[in-house]
Structure formats: C-alpha cells, structure tokens
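Asks:
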Ligand code: BGC
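Residue numbers (the working numbering): 63 to 445.
1) Indicate, with yes or no, if the ligand BGC has a heavy atom lying under 7 Å from the CB of residue 261.
2) What residue range is occupied by the uninterrupted beta strand (DSSP E) comprising residue 342?
3) According to DSSP, is residue 176 helix, strand or coil?
4) Excluding five sequence neighbours on each side, which residues of the same chain lie with their C-beta closer than 8 Å to the C-beta of residue 228?
5) State the Cα-Cα distance for the pair residue 77 and residue 390, rounded to the nearest angstrom.
6) Bridge partners for residue 404 per DSSP, in chain order?
7) From what residue to what residue does the alpha helix (DSSP H) around residue 146 run?
8) Using the Cα positions of residue 298 and residue 289, report the straight-line distance between them to the nearest angstrom.
9) Would the beta-carbon of residue 428 be found less than 7 Å away from any heavy atom of the ligand BGC?
10) Less than 8 Å between the beta carbons of residue 277 and residue 247, yes or no?
11) Which residues share a DSSP beta bridge with residue 157?
12) Leaving out five residues on either side along the sequence, give the residues of the same chain with a beta carbon under 8 Å from the beta carbon of residue 316.
13) What's the C-alpha gap between residue 244 and residue 254?
14) Relative to the ligand BGC, is the shortest distance from any of its heavy atoms to the C-beta of residue 359 smaller than 7 Å?
15) Taking the CB atoms as reference points, tell me whether residue 217 and residue 374 lie closer together than 8 Å.
16) Compute the minimum distance between the beta carbon of residue 203 and the heavy atoms of the ligand BGC, and state whether it is under 7 Å.
17) Quick one: is the Cβ of residue 132 within less than 7 Å of any heavy atom of the ligand BGC?
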C-alpha cells in the first residue's frame, strides 16, 4: 500500500489512526452490528448483515478499446466475488463501450435488478452522478472503481494515478538526460471525461514543466487510438516529424497510435514514447525498444481489493469495509471519500519477468512470439 502524501497528492489523506481504531473495534462489534443497522441506511437497502453469501455485485466497466477491462478487471473480480462467498456470490456485468448514455441505462438496470452493491468505472465521471444518486436512493452502495465517479459514492478503489503520471514524466526526463531543457515534447493525454486522465497529466507535468519544452498538448476524446492518431498527425505537421524529441502518451493504446504516426511520417528511430497498462502489444514494444516504458498496474491487486470491498459492503460488514481504505480523497461533489489506493510499477525491459510474468498476466510464450525472439533472448526471457 502506498502511503505517501506528497504535495501533489495533497488531496489524498491518510486515515491510519482511524483504521487502527476501527480494526480493533471491528472484532468486538461484528456480531453487535447486525442488530444496530450496520449498513447505516435504516435498513432500506437490499444489502445488509442478513445477506450472507448470496450476494450480487453489479460491475460497470467503461470500454472495450483497451484490453484490460475484459481480460483482467472483469474475470478477476468475478473470480474473487465467488471466492469470498463460497461460490454463491454472482457478478452482473455490463460494459458501456465508451457510451455514457448506455452506461447510465446499464446502471439503472442494475438498480431495477436490485443488485446488492455496484462497482462503477465511469465513462463520464460527471454525468453518471445522477445514476449514483438513484442507486443511493434505492439503498444500493456504489463503489467507484478506477475512475472517481461523482455523486454520493461509498468508496473509491484505484491505483495511485498521480504516481502513474510522475513515473511517465520522470521516464521522459531520464531518457532525454542532459538534453532535456532543449527537447521538444508532445503530450497525448487521456479523455477529458475521465478524471484519471487529469491526474496522469498533472503527475507528468510535475516532472516535465520547466524541464522540457512542451510544444503541443492534446486531450484524447474517449481514449480512442484513432483520435490520438489524428492529433499526432497534427503535431507532426506543426513541429516536424524529426524534431519531436519525446512523446508523453498517457496509455499504451495511445502510444501505439503515436508510434505508428511517427513511422508513417518516415521516422526510423522512434524517440522515447511513454505508455501505461502493460498491454501485451505495449510490453512487446518495450522489449523491442520501440516504446520507452509502460506503467504496470497490478490488476489482480486492484480488482481483488474492489471485489472484497463490494462483498463486505453488500453483506453489511461496515467495519471491515472501512478498515480496508487507508486514505480519503475528495471528489468535486463529495469530500472525504474512503479511498483504497494501489501502488504501480514502472515497466521497462529490465523487469518484465518480475512484474507481468511473475503476476501471471502474460506467459513468456505470449510475449516472446517469433517476431520478438531475439529481443527476448537479449533480456533473458526464455520460454
Ligand atoms: C485507466 C487506464 C486506461 C484508460 C483508458 C483509465 O481510467 O486508469 O488504465 O488505460 O482509462 O481506458
């Protein structure tokens, strides 16, 4: 658990003392809490101490463009919910395919289906707020997953998003070395409807601003690679294909689009390009040297933490639920949201084995296809 509280992270507050008190009290109060409305909603919701293992967790994920959601987040959460409930708990899953209206109706359907708790990864963190309120009115707790949804959420589980940006920005500075101050850097940020994108950007800027020349900065609508490709073309036309010294790309999907655009413009030696997510294609580009780095976000840690919080909340085990959140964070509409923050790792050629391979995200066989055989041998990755 990352416990840092840097100036950039001033909005994240630590609640260690509170947790120590809560966890020692938890053991004593668990049996009592069923009698005293542990859920704190006057008993109007479906979730509660009488629920036992027969719980349904609603899971709303935002898109299919990046592989993480269907490949890792959903299956891991499903498995964990089953594990925590002796195989009796279920997950009702819906993916919005980047469509905020669709996500609103998916959320409404889960309210109608009377699920016991909802994990929400918002397409648009602002516009979903009324849906969160409707869930609260129906007595269904909502835990924001990965992106900090607005509205009356019960908790937030996510990676340390500013740290992601700091790792990306720091990597660019490292790659540019003593040339940094005269280097032209293009920023390809994430979607404006995703508060994470702003945090990634803020983290990156805390490293880059004043140290490099940021010549162009774009936001990428809906995190779509095609939008990043169009913006990169504009940047190339403005700055010159061979005059771009580094590109801050917020995730691997955008990094792939940026690298292709540079190649299409005749650049053979790709400048340092960052990424995030450790997508398989991203990891392979890192191994071959085409992409400078990616950020590995240990999905099993985030997804398991979220599953655990959702099940505890659904079962009305509020003390244990609260004890899992070490920090608090403010959203634009709610102060002091319980926040469980998961640390991230910079991924370069040097640590592929100890990160994504060790965590079972990819096998060496999946990474080291014929095209990457030589690169894999060079860094000691063997099938
Ligand atoms: C997630 C990233 C992801 C991006 C696009 C962000 O909210 O944290 O992991 O690459 O959305 O889906």
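The C-beta atom is built at its ideal place from N, Cα and C for all residues, glycine as well. For clarity, every value in this text was computed on a predicted model and none was experimentally measured.
Replies: To lay it out plainly:
1) Incorrect: residue 261 has no Cβ contact closer than 7 Å to the ligand BGC.
2) No beta strand (DSSP E) contains residue 342, which is instead part of the alpha helix (DSSP H) from 342-350.
3) Residue 176: coil per DSSP, three-state reduction.
4) Counting only Cβ-Cβ distances below 8 Å, and skipping sequence neighbours, we find 70, 265, 266, 268, 269.
5) Residue 390 has its alpha-carbon roughly 7 Å from the corresponding atom of residue 77.
6) In the DSSP assignment, residue 404 forms a beta bridge with 221.
7) It spans 136-146 - the alpha helix (DSSP H) in which residue 146 sits, taken as one unbroken run.
8) Taking the straight line from one Cα to the other gives about 14 Å.
9) No, the beta carbon of residue 428 sits no closer than 7 Å to any heavy atom of the ligand BGC.
10) Yes; because the gap between Cβ atoms is below 8 Å, this pair is in contact.
11) BP columns for residue 157 point to 123.
12) Apart from sequence neighbours up to five positions away, the residues of its chain that approach residue 316 with a beta-carbon distance below 8 Å are 250, 252, 282, 285, 287, 290, 337, ordered along the chain.
13) Going by the C-alpha atoms only, they are around 29 Å apart.
14) A distance criterion of 7 Å places the beta-carbon of residue 359 in contact range of the ligand BGC, judged by its closest non-hydrogen atom.
15) One thing to note: residue 217 has its Cβ no nearer than 8 Å to the Cβ of residue 374.
16) Residue 203 has its Cβ no nearer than 7 Å to any heavy atom of the ligand BGC.
17) Checking the Cβ of residue 132 against the ligand BGC gives no.
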